[in-house]
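A.B. asks:
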Amino acid sequence: MAESLEVRGAERYRSGVLAYRRMGYWQPDYEPAETDLVCCFRITPQAGVDPVEAAAAVAGESSTATWTVVWTDRLTACEKYRAKCYRVDPVPNTGEGGEREAEYFAYIAYDLDLFEPGSIANLTASIIGNVFGFKPLKALRLEDMRVPVAYLKTFQGPATGIVVERERLDKFGRPLLGATVKPKLGLSGRNYGRVVYEALSGGLDFTKDDENINSQPFMHWRERFLYCMEAVNRAAAVSGEIKGTYLNVTAATMEDMYERAEFARELGSVIVMIDLVVGYTAIQSMARWARDNDMILHLHRAGHSTYTRQKSHGVAFRVIAKWMRMAGVDHIHAGTVVGKLEGDPNTVRGIYDTCRDTVTPLCLEHGIFFDQDWASLNKLMPVASGGIHAGQMHQLLHYLDEDVVLQFGGGTIGHPQGIQAGAEANRVALEAMVLARNEGRDLWNEGPQILAGAARHCAPLASALEVWKDVSFDYASTDTPDFVPLATPAA
Amino acid sequence: MSARRITQGTFSFLPDLSDEQIAAQLKYCLGKGWAVNVEHTDDPHPRNTYWEMWGQPMFDLRDPAGAMQEVRACREAFPGHYVRVSAFDASHGVESIRLSFIVNRPDPEPTLRLQRTETRGRSVRYTLATRGAGER
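Sequence lines, in order, name chains A and B. As numbered in our numbering, residues 1 to 491 make up the first sequence, in order. As numbered in our numbering, residues 1001 to 1136 make up the second sequence, in order.
#1: Cα separation between D1042 (chain B) and L177 (chain A)?
#2: Any Cβ of chain A within less than 8 Å of the Cβ of P1015 (chain B)?
#3: Taking Cβ positions only, does D1019 (chain B) come closer than 8 Å to chain A?
#4: So with Cβ pairs under 8 Å, would you call R1113 (chain B) a contact of chain A?
#5: Between D256 (chain A) and L297 (chain A), is the Cβ-Cβ spacing less than 8 Å?
#6: Which residues, in chain order, does the segment 226-260 of chain A contribute to contact with chain B at a C-beta distance below 8 Å?
#7: Would you please verify whether the beta carbon of T478 (chain A) is less than 8 Å from any beta carbon of chain B?
#8: Please name the residue in A:K171, A:S63, A:D113 and A:T66 whose C-alpha comes closest to that of R1098 (chain B).
#9: What did DSSP end up calling N445 (chain A) once you bin it into helix, strand or coil?
#10: Report yes if the CB atom of P1108 (chain B) is closer than 8 Å to the CB atom of P1044 (chain B), and no otherwise.
#11: How would you call F1059 (chain B), buried or exposed, if buried means at least 16 neighbouring beta carbons within 10 angstroms?
#12: Going by DSSP in three states, V405 (chain A) sits in which element: helix, strand or coil?
#13: What is the DSSP secondary structure of A251 (chain A), counted as helix, strand or coil?
#14: Using the C-alpha atoms, what's the distance from L299 (chain A) back to D275 (chain A)?
#15: Hey, is the segment 434-451 of chain A in contact with the segment 207-222 of chain A, meaning 3+ C-beta pairs nearer than 8 Å?
#16: Excluding sequence positions up to five away, which residues of its chain have a Cβ less than 7 Å from the Cβ of C78 (chain A)?
#17: Using a cut-off of 8 Å between C-beta atoms, extract the partners of Y1028 (chain B) located in chain A.
#18: Is the Cβ-Cβ distance between R1084 (chain B) and W1034 (chain B) less than 8 Å?
#19: Check the Cβ-Cβ distances between H457 (chain A) and every residue of chain B, and say whether any is below 8 Å.
#20: Check whether the segment 1057-1074 of chain B touches the segment 1017-1032 of chain B, taking contact to mean three or more Cβ pairs, one atom from each stretch, closer than 8 Å.
#21: Based on Cα-Cα distance, which residue from A:W71, A:M23 and A:V69 lies nearest to V52 (chain A)?
#22: Among B:F1088, B:A1087 and B:W1054, which has the Cα closest to the Cα of R1072 (chain B)?
#23: Determine, using beta carbons only, whether P485 (chain A) comes closer than 8 Å to chain B.
#24: Within the continuous alpha helix (DSSP H) that includes T354 (chain A), where are the two ends?
#25: State yes or no: is the beta carbon of R8 (chain A) nearer than 8 Å to at least one beta carbon in chain B?
#26: Need the endpoints of the alpha helix (DSSP H) that R291 (chain A) sits in, please.
#27: Please classify G279 (chain A): is it buried, with 16 or more other beta-carbons within 10 angstroms of its beta-carbon, or exposed?
#28: Could you check if Q449 (chain A) is buried or exposed, using at least 16 other CB atoms within 10 Å of its CB as the buried criterion?
#29: By the three-class DSSP mapping on this structure, what secondary structure does R74 (chain A) have?
#30: Under DSSP, the alpha helix (DSSP H) around M326 (chain A) begins and ends at which residues?
#31: Along the segment 169-188 of chain A, where does the CB come closer than 7 Å to a CB of chain B? Name the residues.
#32: Do the CB positions of L185 (chain A) and I162 (chain A) come within less than 8 Å of each other?
#33: Count the other C-beta atoms from every protein chain shown that fall within 10 angstroms of the C-beta of Q392 (chain A), then say buried if there are 16 or more, exposed otherwise.
#34: Whose C-beta lies closer than 6 Å to the C-beta of P460 (chain A) among residues of the same chain, with five residues either side of it excluded?
#35: Put S126 (chain A) into one of helix, strand or coil per three-state DSSP.
#36: Under 8 Å between the Cβ atoms of Y192 (chain A) and R224 (chain A)?
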């Protein structure tokens, strides 16, 4: 480990430029305090830049430093406010002889007083503010963050949480089932509600607006809400179950979002949704509104892949998931493993653990760099959506377990016998798989037989298994942990 | 579904579970350390949360056969009611139900009627009413 070259006293504050590691941002002997917020960054220094200096610069630029020495530091308890990089490790399989140029994991500790209580905007303005554009770095990625209990306790957390959501919906012991209405654009309110009714009455628990369905010329938001709630209530009457549809209240302003959310509440909806692109503050505002109004809050992670997918630069999705659990949403799209969107099994496991654990232990092979005690913050329900179908039910239950919403959009609406049949196929496949798992059967190996057995008393499931039998999305993942061989399942 | 039925509970889309299948689920619950509870009602309204308890949750019972005996006894006492088995997990972070499934249904089943009250503008207030069950 590179030694500390810190300088102190008058020497430290002489006007001019001083290496970050000499200004106190590199402290190899530092032991993070219980109350420190700790980050792990992946840094790719520019050619010729010393990795420890680059890591110290990240600590500096994400806390108190600027490019030159300033005497006004001496008016403050600056040693407390300086972020401290205390560890720099080379990333396995990078650098000479590796797959990519040299990368390093830099561990940086931040004092609790650097952050405003309960504010994701403030936290992120520090940690991912200026520093990602810093010239001496070729690329930078925030891999993980340990949030101290003292700071976690200043956040509301999920408005409803997994436990209470299940109690409210009266649905236990199995994943919930949903579908996104398709086509996502162009349906009139009346036609849109037809899809909702068919899917919910066929056996799904939820239907969902897509991320970009807001209020367009073909369907004003009020039309959608009115027809959807007719569909939801009709489906509840024919099934005797609580049903819901995620009414997307994403809009241009908070005033518009509140107006739409209030209308959804007046109509008796149990759930509303927002998109990640509304921003952290709007998300926290809606989470607070949701708690005040007994509403489940669904978050669609629209836009995240622009900064989460590439390994070298951006913010790992496990960190976004963590921030969203703190911010207070109840559902978050978190990957399917087997579907059409990015999702290495180990990385997805780490994200799901981040959403659902009461304590998430360090697990490098799942991309988890720190122990995280969640301090009884509500659990966040992960949502698996994108290119999944009934024939994968055993794999989905194996990888994702029980507390998850499985969303079959095309896998419901594209069923050859219609939407109701598609919904029924998914529900029967799911219940049969849970029953079998509870009976102690080996889902991984017996899954296809279990599905075939269930299809004997359910013709729509038999058709679904036939139509989609060869559909799988078997591509190498981009966002994979560095500590295990890459493994993408064959579907 | 061939004939509409109330589809609350974890396994309502499957053919009615045999006693053997019910026993396997009870074994699973007890194996997890959950307490099994038997409840019954004649009103399947989805907001009817508190069904009548058939005794208390069986916190100290670890034998699936004993739990199955309670299921049978409740079914025999209330053949015209819905009977469900719920399993409670008392561990921190859950402290709630982990599995809940119907093990007896009335024949014929009551139905739910959707009543609409037009309110402001095109808004409608929806109410579900159970039909064909003893009123409560």
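We put the beta carbon where it would ideally sit given N, CA and C, even for glycine.
C.D. replies: Inspection of the coordinates gives the following:
#1: D1042 (chain B) and L177 (chain A) have their C-alpha atoms some 27 Å from each other.
#2: Chain A contact via Cβ: present.
#3: No, because no Cβ of chain A sits closer than 8 Å to the Cβ of D1019 (chain B).
#4: The beta-carbon of R1113 (chain B) is placed less than 8 Å from the nearest beta-carbon of chain A.
#5: Their beta carbons are not under 8 Å apart, which means D256 (chain A) does not touch L297 (chain A) by this criterion.
#6: If the cut-off is 8 Å between Cβ atoms, the segment 226-260 of chain A has L226, M229, E230, N233, R234, A236, A237, V238, S239, G240, E241 and I242 near chain B.
#7: T478 (chain A) does not count as touching chain B.
#8: Measuring C-alpha to C-alpha distances from R1098 (chain B) to each of A:K171, A:S63, A:D113 and A:T66 identifies A:K171 as the nearest.
#9: N445 (chain A): helix per DSSP, three-state reduction.
#10: Cβ atoms of P1108 (chain B) and P1044 (chain B): not closer than 8 Å.
#11: Taking all protein chains shown into account, F1059 (chain B) has fewer than 16 neighbouring C-beta atoms within 10 Å of its C-beta and is therefore exposed.
#12: Of the three classes helix, strand and coil, the one that applies to V405 (chain A) here is strand, per DSSP.
#13: Secondary structure of A251 (chain A) (DSSP, three-state): coil.
#14: In a straight line, the C-alpha of D275 (chain A) is about 6 Å away from that of L299 (chain A).
#15: Judged by Cβ distances under 8 Å, the segment 434-451 of chain A makes no contact with the segment 207-222 of chain A, as fewer than three pairs qualify.
#16: Correct list, in chain order: T64.
#17: Simply N438, E439 and G440.
#18: No; because the gap between Cβ atoms is not below 8 Å, this pair is not in contact.
#19: Cβ-Cβ to chain B under 8 Å: yes for H457 (chain A).
#20: Yes: the two stretches touch, three or more of their Cβ pairs being nearer than 8 Å.
#21: The shortest C-alpha separation from V52 (chain A) is found at A:M23.
#22: Taking each of B:F1088, B:A1087 and B:W1054 in turn and checking the Cα distance to R1072 (chain B), the smallest one comes out for B:W1054.
#23: Only weak support exists for where P485 (chain A) lies, its pLDDT of 45 falling under 50; the value from the coordinates is given anyway. No, P485 (chain A) lies away from the interface with chain B (no Cβ there is under 8 Å from its Cβ).
#24: For T354 (chain A), the uninterrupted alpha helix (DSSP H) run begins and ends at P345 to R356, by DSSP.
#25: With its beta carbon at least 8 Å from every one in chain B, R8 (chain A) lies outside the interface.
#26: DSSP places R291 (chain A) in the uninterrupted alpha helix (DSSP H) bounded by Y280 to D292.
#27: By the neighbour-count rule (16 or more Cβ atoms within 10 Å), G279 (chain A) is not buried but exposed.
#28: With fewer than 16 Cβ atoms within 10 Å of its Cβ, Q449 (chain A) is classed as exposed.
#29: Of the three classes helix, strand and coil, the one that applies to R74 (chain A) here is helix, per DSSP.
#30: DSSP places M326 (chain A) inside the alpha helix (DSSP H), whose first and last residues are F317 to A327.
#31: D170, F172, G173 and R174: these are the residues of the segment 169-188 of chain A whose beta carbon lies less than 7 Å from some beta carbon of chain B, given in chain order.
#32: No, these two residues do not count as a Cβ contact at 8 Å.
#33: Its Cβ being crowded by 16 or more others within 10 Å, Q392 (chain A) is buried.
#34: Excluding residues within five positions, the ones whose Cβ falls inside 6 Å are Q417, A421, E424 and A425.
#35: It is helical.
#36: With respect to R224 (chain A), Y192 (chain A) sits close: the two C-beta atoms are nearer than 8 Å.
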